[in-house]
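Student: Dropping a structure here in structure tokens format, bear with me for questions.
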């Protein structure tokens, strides 16, 4: 049977190659969308951990995507939070997102640096209101002293730092307020506490007792990062399911068309097999084995192409966070295999139901 299956696939090489590539595209689509979405999410978590905060305080108007929220809290609250027992550092931040989905951090350098010091590759802290600190990726070949356009304004690069401290571009918080109409405002506050996490529950209770802050969200860093999961992000899983659904339909339709055409072309061969005593299950098995081989080949090609694409994009665009999610490698393989077998099931049944006499008489 295996020789027969391989012979059938080799007999129509172009159709077999197209089927393999259809399954491969299905796998690439699934792995690519998860690489982008999960990569962005995991990259955000890694950079948030690099900030060095122990706790995160935000006003009721701020959602999980702080860069997409208005700066609705007074910067002066940072001084109030700094007076709470066991709080070592209180750093206000005003985070704005640009049209290119680039988060710009407006910071008070002294307090933000106290959370976890910047590691300067060259240059140093802000010297002027329109100075900007960038990480080595955002610098993109520029050097200290060069100009960089941010928020439709020209900034002088005063320092280039190692990546991983929240954002990639940092400007003075007062300048951020002037450019965005949020003078004296902050999006959130990052806290560093004594002997973390020993006093964090005590600090949280103390903050929520302060007049005017009762409605604020006070989270430990681990709690905040736990909220950054696909299930808790609106539209994340829906978008993922839509892409997977489209990919499955593509694979299903191509395999269905390929196997249906193959069955029609092999009417006489099927008649000969049945006249020699081949059972319906034997005929179904032949078609499904052919499909399984095509699907496995497509899956291997798709996975290999996805990892190659990831390597190329990571090398060309290091800030893209395009990272293949390993659990989805297996999920995409199973989805593609099941979709292909379902696509071949009806053609297989049609082949098995052919009358041997009619099949042998077919011209």
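Numbering (our numbering), first residue to last: 1 to 363. Note that the Cβ used here is the ideal one computed from N, Cα and C, for glycine as well. All of these numbers come straight from a predicted model, not from anything done at the bench.
#1: With DSSP collapsed to three states, give me the class of residue 102.
#2: Just to confirm, are residue 254 and residue 19 a CB contact at a threshold of 8 Å?
#3: Going by the DSSP bridge assignment, what does residue 96 pair with across the sheet?
#4: Quick one: using the 10 Å Cβ neighbour count with 16 as the cut-off for buried, is residue 306 buried or exposed?
#5: Given that a residue counts as buried once 16 or more other Cβ atoms are within 10 Å of its Cβ, and exposed if not, what is residue 51?
#6: Going by other Cβ atoms of all chains shown within 10 Å of its Cβ, with 16 needed for buried, is residue 203 buried or exposed?
#7: Pick helix, strand or coil for residue 137, following the three-state DSSP scheme.
#8: Take residue 243 and list the residues in its own chain whose beta-carbon comes closer than 8 Å to its own, dropping the five residues that flank it on each side.
#9: Beta-carbon within less than 6 Å of residue 47's beta-carbon, same chain only, minus the 5 sequence neighbours each way: which residues are those?
#10: Using beta-carbon positions only, say whether residue 259 and residue 287 come within less than 8 Å of one another.
#11: Spatial neighbours of residue 151 within its chain, please: C-beta separation below 6 Å, excluding the five flanking residues on both sides.
#12: Measure the alpha-carbon distance for residue 248 versus residue 341 and round it to whole angstroms.
#13: Quick check on DSSP: helix, strand or coil for residue 247?
#14: Could you tell me the alpha carbon to alpha carbon distance between residue 96 and residue 184, rounded to whole angstroms?
#15: Does the separation of the CB atoms of residue 325 and residue 24 fall below 8 Å?
#16: According to DSSP, residue 186 sits in a beta bridge with which residue or residues?
#17: On the criterion of 16 or more Cβ atoms from any shown chain inside 10 Å, does residue 14 qualify as buried, or is it exposed?
#18: Helix, strand or coil for residue 167? Go by DSSP, reduced to three states.
#19: According to the neighbour-count rule (16 or more other Cβ atoms, all chains shown, within 10 Å of its Cβ), is residue 141 buried or exposed?
#20: Please go through the same chain and pick out, in chain order, the residues whose beta-carbon is closer than 8 Å to the beta-carbon of residue 208, but skip the five residues on each side of it.
#21: What is the rounded straight-line gap between the Cα of residue 321 and the Cα of residue 327?
#22: Specify whether the segment 182-200 and the segment 75-84 touch according to this definition: at least 3 beta carbon pairs, one from each stretch, less than 8 Å apart.
#23: DSSP on residue 81, reduced to helix/strand/coil?
Tutor: The short version:
#1: coil
#2: yes
#3: For residue 96, the pairing in a beta bridge is given by DSSP as 104.
#4: buried
#5: Buried, because 16 or more other Cβ atoms sit within 10 Å of the Cβ of residue 51.
#6: That one is buried.
#7: Residue 137: helix per DSSP, three-state reduction.
#8: 29, 30, 33
#9: 164, 166
#10: yes
#11: These residues qualify, in order along the chain: 179.
#12: Using only the alpha carbons, I get a separation of about 11 Å.
#13: helix
#14: 14 Å
#15: In this structure, the beta-carbon distance from residue 325 to residue 24 does not fall below 8 Å.
#16: 73
#17: Flag for residue 14 reads exposed.
#18: strand
#19: Per the 10 Å Cβ criterion, exposed.
#20: 214, 216, 218
#21: If I take the Cα positions, the gap works out to 17 Å.
#22: yes
#23: Helix.
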